[in-house]
Amino acid sequence: MASEFMSALTQLCNEKNIAKEVVIGAIEAALISAYKRNFGATQNVTARIDPETGEAHIYAQKKVVAQVTDPRQEIALADVRAVKPDVQLDDIVEVETTPKDFGRIAAQTAKQVVTQRLREAEREVVYNEYADREADIVTGTVQRIDPNKGVIIDLNRAEGLLPPSEQIPGETYHIGQRLKVYIMEVQRSSKGPQVTVSRAHRHLVRRLFELEVPEIHNGTVEIKSIAREPGSRTKVAVAARQEGVDPVGSCVGQRGVRIQNVLNELGNEKIDVIQWSPDPVRFVANALSPAQVQQVEIDEEERTATVIVDDKQLSLAIGKEGQNARLAAKLTGWRIDIKSSSVAAHEPAIAKKKKPVMTTGGEEESLLAVRLQEALKEAGEQIPLSSNAQ
17 MASEFMSALT QLCNEKNIAK EVVIGAIEAA LISAYKRNFG ATQNVTARID PETGEAHIYA
77 QKKVVAQVTD PRQEIALADV RAVKPDVQLD DIVEVETTPK DFGRIAAQTA KQVVTQRLRE
137 AEREVVYNEY ADREADIVTG TVQRIDPNKG VIIDLNRAEG LLPPSEQIPG ETYHIGQRLK
197 VYIMEVQRSS KGPQVTVSRA HRHLVRRLFE LEVPEIHNGT VEIKSIAREP GSRTKVAVAA
257 RQEGVDPVGS CVGQRGVRIQ NVLNELGNEK IDVIQWSPDP VRFVANALSP AQVQQVEIDE
317 EERTATVIVD DKQLSLAIGK EGQNARLAAK LTGWRIDIKS SSVAAHEPAI AKKKKPVMTT
377 GGEEESLLAV RLQEALKEAG EQIPLSSNAQ
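Using my numbering, you'd call the opening residue of the sequence shown number 17 and step up by one each time.
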């Protein structure tokens, strides 16, 4: 019978994906609970199950006395010395007190406790599984939609909550729809792990690129920063960690296949993949893409960047409701002030300020022209900038 019990227990553990030691511990706790309820609630007892045979034993802690007045708490010195000759009065010894039969009530109690502990153990296994996947993406199926709480997503072994604040604005959901979601947080609860997921988090974009771009997955290309306004536009700054690798081209893929797979997952959201640069001037200029930048001046103390663009490029650089400039600032970490060339012409020359650098086509030639003009001004002379530098 005992061996049959262990066989059944092993099968249960395999089905529930729970360590057998955890289940044995739950059964031992159940045996203690059942014993105290039926045979002595005040006794200090332990239960042990032989992991090989499945035999259960109950042991009580008893005080060694000369004359027993409470058999549940005490044991006679003479009785103990027959087994342990060196025992002394007032010692605490462990005595097996396993009843021949716990009885129907005790067995039922043990079953209930075992069931409860098994559920708890299984919830812990599921919690650990999803806690280990925090900051990762998973694929789930829309199970139901609560207008107040959000979208409930079946993640296989747990449910994920996609609250309204983490939904992509304008995105609609329907029962049975499959979605990739970003796991933000996993918390324990009496009903199992509570998994909060997001479709609006910027790192959802990061993980999607890691899935679609092998160079990002293996570390050849690195995502340096991401700025996102979910449902509308995202800017991603990338850099190559290996010479000869085009980081932007790697992300876009041949005929745009790679980035299209990311776009398909995000709906109508636009994505700008930007070349990162350790030079803040170049990085700021790149971040304002698709606008063409004429000149950037950096104030490192104030961490601001003054950007000059052609008058026709001003609205593109700023973007609808300031979005392009706002995302560029988030992406670079610099406060960006954009000016048209006509407005800048009426202000003190950029060349006289702290760090003037040209960032349009013909950068080296334009920069040389600015520096040459500055040197000649100091000497009391002046030459006009070439047409490429204006």
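Glycine residues also receive a C-beta, built at the ideal position from the N, C-alpha and C atoms.
Computed from a prediction, not measured in an experiment: that's the story for all the values here.
Asked, Found
"Test item: CB-CB of K355 and V309 under 8 Å", "no"
"Reference T114; option with closest CA among V278, Q339, I65, K36", "I65"
"In DSSP terms, what T320 is bridged to", "D315, R351"
"DSSP-derived helix/strand/coil call for K370", "Note that K370 has pLDDT 43, beneath the 50 cutoff, so the model's placement of it is unreliable and the number below is only indicative. In the structure shown, K370 sits in coil (DSSP, three-state: anything other than H, G, I, E or B)."
"CB of A301 within 8 Å of CB of V289, strictly", "no"
"Q276: first and last residue of the uninterrupted alpha helix (DSSP H) it sits in", "273 to 282"
"For G283 and I184, believed in contact at Cβ under 8 Å, the rounded distance", "7 Å"
"Contained alpha helix (DSSP H) runs [length at least 4] in the stretch 109 to 191, N- to C-terminal order", "119 to 147"
"Rounded separation between V61 and Y75 - CA only", "5 Å"
"Element boundaries [alpha helix (DSSP H), containing D204]", "One point to set straight first is that residue 204 is Arg, not Asp, in the sequence displayed. From DSSP, R204 is part of no alpha helix (DSSP H); its letter is neither H nor E."
"Through-space distance from Q203 to V158, alpha-carbon basis", "20 Å"
"Alpha-carbon spacing of V39 relative to E68, whole angstroms", "14 Å"
"Where T376 sits in the DSSP three-state scheme", "Confidence in T376 is poor, its pLDDT being 45 and thus under 50, which makes the residue's placement unreliable; the coordinate value appears in the next sentence. DSSP places T376 in coil when its eight states are reduced to three."
"Buried or exposed (CB count within 10 angstroms, at least 16 for buried), A46", "buried"
"Backbone CA spacing between E187 and S205 [nearest angstrom]", "29 Å"
"Anticipated Cβ contact below 8 Å, G335 with A341, distance rounded", "6 Å"
"Alpha-carbon spacing of Q27 relative to Y146, whole angstroms", "24 Å"
"Pairwise C-alpha distance: Q124 and L227", "51 Å"
"Contact check, E237 vs V254, beta carbons under 8 Å", "According to the sequence provided, residue 237 is Val. The question's Glu does not apply to it. Yes, Cβ-Cβ distance for V237 and V254 is below 8 Å."
"First through last residue of the alpha helix (DSSP H) which encompasses D95", "93 to 97"
"Reduced DSSP category for R342 - H, G, I as helix; E, B as strand; rest coil", "helix"
"Nearest residue (CA-CA) to L330, options R319, R351, V359, D315", "V359"
"Length of the line joining the Cα atoms of Q258 and W292", "14 Å"
"CA nearest to the CA of I232, picked from C267, R53, E281", "C267"
"Span separating the alpha-carbon of M22 from that of E140", "23 Å"
"Identity of the residue in E245, T155, I275 nearest A344 by Cα", "E245"
"Cβ-Cβ distance between S241 and L347 below 8 Å", "yes"
"Simplified DSSP state of V221, which is helix, strand or coil", "helix"
"Close-in-space but distant-in-sequence residues of the same chain around I108 (CB under 8 Å, 5 per side omitted)", "Q77, K78, K79, V80"
"Local conformation of H233 per DSSP, three classes", "helix"
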